[in-house]
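Heads up: the structure comes next, in C-alpha cells.
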Amino acid sequence: MRKERGKPQPFGAAVEGQRVNFAVQVPAGKSCELLLYREGKKEPEHVFEMPEEEGIGEVRFMCLAEINAEKYEYNYRIGGKVCLDPYVREIAGKKTFGKKKEIAEHEIRGKIVSPGYDWENDKRLHLPWNEVVAYSLHVRGFTKHSSSRARHKGTYLGIVEKLPYLKELGINQIQCMPVYEFEECTGTKINYWGYGPAYYFAPKEAYASGRSAVKELKDMIKACHKEGIEVVLEMPFVPEIGAGTALECLRFYMLEYHVDGFVLNPYNVPWEMMNEDPLLKDVKLMRKDDAFQNVMRRFLKGDENMVSDVMWALRHNSASDGKCNYITAQTGFTLWDLVSYDSKHNEANGENNTDGPDYNYSWNCGAEGPSRKRAVQNLRNSQVRNAFQLLLTAQGTPCLLAGDEFCNSQKGNNNVYCQDNETGWVDWSRLKSDDSLFCYVKALIAFRKKHPCLHRKEELKGLDRTACGVPDVSYHGENAWQVKADVSSRQLGVLYSGAGVNDDECFAAYNMHWLPHTYALPSPGKGKHWCLAADTRQGFLDQPAALDNQKSIELKERSIVLLVSAKTEKRPLPPKREKSGTKKTPEKKEPEQERQ
C-alpha cells in the first residue's frame, strides 16, 4: 500500500475500489496518526502521520492506495491518545452486550466498510402516514427472552424471524430504539436503552448474530421491506451534537441503509432544519409527544372533564406535526401495568424509586399489582381492550408498544432503562398461554384498515364536504347529535361518515363511566342499518350482526362499542290474495300443452 493525497470530505473511512480515504476532525495544535491493524492482530501494523500542515482547517486527511480494505481495521492517535473515529461505520471489539471489562488500548477499533451490498432492487416503501400502523420495539429486548423461541435472540436477525408474526398482527412499520453503537457499560448500571453519547454512524455490533452488524442491519431492513413493513430508527442524539453532524447522520442512514424514517428529539436538534433538508423531504421525521397519551389515559381511568379533549384527540391528524399516537411507550408503564398499578415500582433500578415519571394517569382496577380476583382480572382485560379501541379508532397514526398486544408486564417498573433482563425484555409466554387479546387487536387493526373513514388522509373538519347531508365526523351522546361535554360526563359517541372515501359509516360509542348508559343512535343513512362489529366486553364478532334496536344501544360500564352500517336488503312483497266471491280466470293452454 502507499500513502497519497486524500480529500477532506466525507468524514470517516471511505472505500473506493482499492483506495481508502481517511478524514477526521482534529483540534489545532494536536498531533494525529492513523493506526492500521491487520484483522485479528493486537498491535498496529502500520502508522501514518497526518501532519497539521497537510490538512485544511481542523480536518486531517489522507488516502491509502492498493489496500485490501477488508483485511484491515483502524484507529487514530490524537494528541497521544488512541481513539475511535467519530464517523466510524462499524466497530470491532464490542461483540458482547453489557459485559464490563478492562479494555486494552488497541482492542476497540473501526472496521473499514466496503460499500458493496446486494439490495435486490430494494426501495423505501413511502407508505402514506394515514395507512401506517406502527410498532415500537427494542431490537435486543424484543427477542432476547427465552420464550421468544427465536433462533437469533436479541439481534437484527431475531427481528427478521418475527416478521410473520408482525405481519399477521397487521403491523406495517417498526420503530426501533437506538441501534447505533452506544456504550452500555456506564458506571455501575447497564445503559440498556442506548440513550447518550454514541458512535451514531455505526450499527450496534452486539445486535448482530454474525460478524457484520452493517450487513445484518441491511438484511433486516431489506427483509422488512419485502413484507411491506417500514423501518424507522430512533435517533435522539445528545444535545452536544452539531446540527450539521445530525443532518449528515440522517442522510447517511437514509441513503446507505434505506431507512424509512427517524424519531428525533426536537430539543437536541433543530426540527425545522431537519424538515427543510431537500434529501429528507420524503422521509418520515417524527417526534415524541405525550398529549394524546395523557388525554386517553385520563379518559380511560374515568377522569372528569375529558370529553372535549378526547374529541380533539380522536380527530387530530398527527402526521401534520410529525407525531404518532400512542398510549404506552418505552418510557412509562406497559399497557398491562397501566391497568395494574397506581404507582411506579422502580426499586430494582437502585435509585430509591425516585426515577421514572411520577404521574402516569394509571389505575390498578382495585388491587395493586398481580391479583387473582376474577372481578379485577375481568376489569383489567376490558380496560386493555378499551385502550386499544381508543388508539386504533383515532385518526392519527397509531403506534403500539411491543408486547402490549399480549399483556406484557414490567412488574410495575416504568423506567427499565437499566434492566437488561427479563424485566426489560418482552415475555412471549403470555401469548402462548392466552392469545385472546392478540386476536382482538389483530381484528381491530384489520377493521381500521378496511374502513378508510377511520384513517382519512386529511384532518376531519366536522363539515359536509361531499354534500351528502352528513359531516365527515359528528359527535353524539345519550341523545343523537348532542354531546354531553360537561365536567361529569364520561360518555361520547362519534359518527364517521364514509362519504367521499367509498366506505360504510362507522359509529364508536365510548362509555368510561362506572355505570351503564344508553346511547341514542344517529341514522346510518337511507336504506342502511347498524350492525355490531365489536364490544370491548365481548370481543370482535366474526361477522357484524344487525342490531335488534336501531334507535338506541346500551353500553355496559367502562366499555366501548363499534358499529358499522350495512345496506338493508329489500324483501319481496308477499303475493296478493284474491278477494272472496271472485272467479279465477283459467289459464289458456297452448295447443302443444293440450296434446301433452
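Quick note: the sequence shown uses the working numbering, first residue 9, plus one each step. Note that CB positions come from ideal geometry on N, CA and C, so glycine has one too.
Through-space distance from residue j to residue i, alpha-carbon basis
i: Tyr261; j: Val267; result: 6 Å
i: Pro16; j: Arg132; result: 30 Å
i: Asn283; j: Pro186; result: 21 Å
i: Asn76; j: Gly25; result: 9 Å
i: Ala517; j: Gln385; result: 23 Å
i: Lys536; j: Arg456; result: 20 Å
i: Asp290; j: Pro244; result: 20 Å
i: Ile116; j: Lys352; result: 38 Å
i: Ala574; j: Leu409; result: 33 Å
i: Val495; j: Thr431; result: 39 Å
i: Val121; j: Glu12; result: 20 Å
i: Trp436; j: Asn416; result: 8 Å
i: Tyr349; j: Ala395; result: 15 Å
i: Asp311; j: Ala231; result: 44 Å
i: Gly14; j: Gly65; result: 15 Å
i: Pro286; j: Glu47; result: 39 Å
i: Ile99; j: Lys170; result: 26 Å
i: Gln601; j: Glu577; result: A caution first: Gln601 carries a pLDDT of 41, below 50, which makes its placement in the model unreliable, though a value can still be read off. Straight-line Cα distance between these residues: approximately 38 Å.
i: Tyr188; j: Phe150; result: 17 Å
i: Pro247; j: Gly269; result: 20 Å
i: Gln558; j: Asn519; result: 19 Å
i: Ser326; j: Asn333; result: 7 Å
i: His160; j: Tyr125; result: 22 Å
i: Thr590; j: Lys534; result: Because Thr590 carries a pLDDT of 49, less than 50, the predicted location of this residue cannot be relied on, and no value is offered for it.
i: Phe446; j: Glu78; result: 45 Å
Cβ-Cβ distance between residue i and residue j below 8 Å
i: Leu540; j: Leu549; result: yes
i: Leu72; j: Asn83; result: no
i: Val478; j: Ala451; result: no
i: Gly118; j: Ala214; result: no
i: Cys1; j: Cys514; result: The question about residue 1 has no answer, for the chain in this structure spans 9 to 604.
i: Asp227; j: Val168; result: yes
i: Arg68; j: Val32; result: yes
i: Val240; j: Met281; result: no
i: Ile453; j: Leu400; result: yes
i: Lys331; j: Tyr369; result: no
i: Met314; j: Tyr483; result: no
i: Ile229; j: Tyr265; result: yes
i: Val392; j: Trp344; result: yes
i: Leu44; j: Val449; result: no
i: Val96; j: Phe209; result: yes
Extent of the continuous beta strand (DSSP E) run through residue i
i: Glu81; result: 80-86
i: Trp538; result: 536-543
i: Ile182; result: 181-184
i: Met9; result: Counting along the chain, Met9 falls outside any beta strand (DSSP E), and DSSP gives it neither H nor E.
i: Phe209; result: 206-211
i: Val38; result: Reading the sequence as shown, one finds Lys at residue 38 and not Val. Neither: Lys38 is in no beta strand (DSSP E) and is coded neither H nor E.
i: Arg295; result: 292-295
i: Leu272; result: 269-272
i: Arg117; result: 117-119
i: Met70; result: 67-73
i: Leu408; result: 407-409
i: Lys89; result: 89-91
i: Glu57; result: 54-57
i: Glu6; result: As displayed, the chain neither begins before 9 nor continues past 604, which places residue 6 out of reach and without an answer.
i: Thr339; result: Here Thr339 belongs to no beta strand (DSSP E), and DSSP marks it neither H nor E.
i: Tyr334; result: Run containing Tyr334: none; DSSP gives neither H nor E here.
i: Thr526; result: 525-528
i: Glu24; result: 20-24
Alpha helix (DSSP H) segment containing residue i, residue limits
i: Leu452; result: 444-458
i: Gln391; result: 382-400
i: Ala321; result: 315-323
i: Leu343; result: 343-346
i: Arg438; result: 437-441
Validate contact between the region 137-147 and the region 98-105 using beta carbons, cut 8 Å, 3 pairs: No: the two stretches stay apart, fewer than three of their Cβ pairs being nearer than 8 Å.
Contact the region 516-531 vs the region 495-503: 3+ CB pairs below 8 Å: Under the Cβ criterion (8 Å, minimum of three pairs), the region 516-531 counts as touching the region 495-503.
Three or more C-beta pairs below 8 Å linking the region 274-287 and the region 299-318: Contact fails: fewer than three Cβ-Cβ distances are below 8 Å.
Contained alpha helix (DSSP H) runs [length at least 4] in the region 542-570, N- to C-terminal order: Whole alpha helix (DSSP H) segments, 4+ residues: zero.
Validate contact between the region 145-161 and the region 174-184 using beta carbons, cut 8 Å, 3 pairs: With the cut-off at 8 Å, the region 145-161 and the region 174-184 touch.
Touch test, the region 401-412 against the region 360-375, Cβ-Cβ under 8 Å, three pairs minimum: No, the region 401-412 is not in contact with the region 360-375.
Stretch-stretch touch, CB-based, cutoff 8 Å, three pairs: the region 483-493 with the region 377-397: No, the region 483-493 does not touch the region 377-397.
Contiguous beta strand (DSSP E) assignments of at least 3 residues, all confined to the region 140-193: Runs found: 142-145, 181-184, 188-190.
Runs of alpha helix (DSSP H) wholly within the region 224-306 (minimum 4 residues, chain order): Segments of the alpha helix (DSSP H) lying fully in the region 224-306: 251-265, 279-284.
Runs of beta strand (DSSP E) wholly within the region 465-513 (minimum 3 residues, chain order): Complete beta strand (DSSP E) runs here, min 3: 481-484, 499-504.
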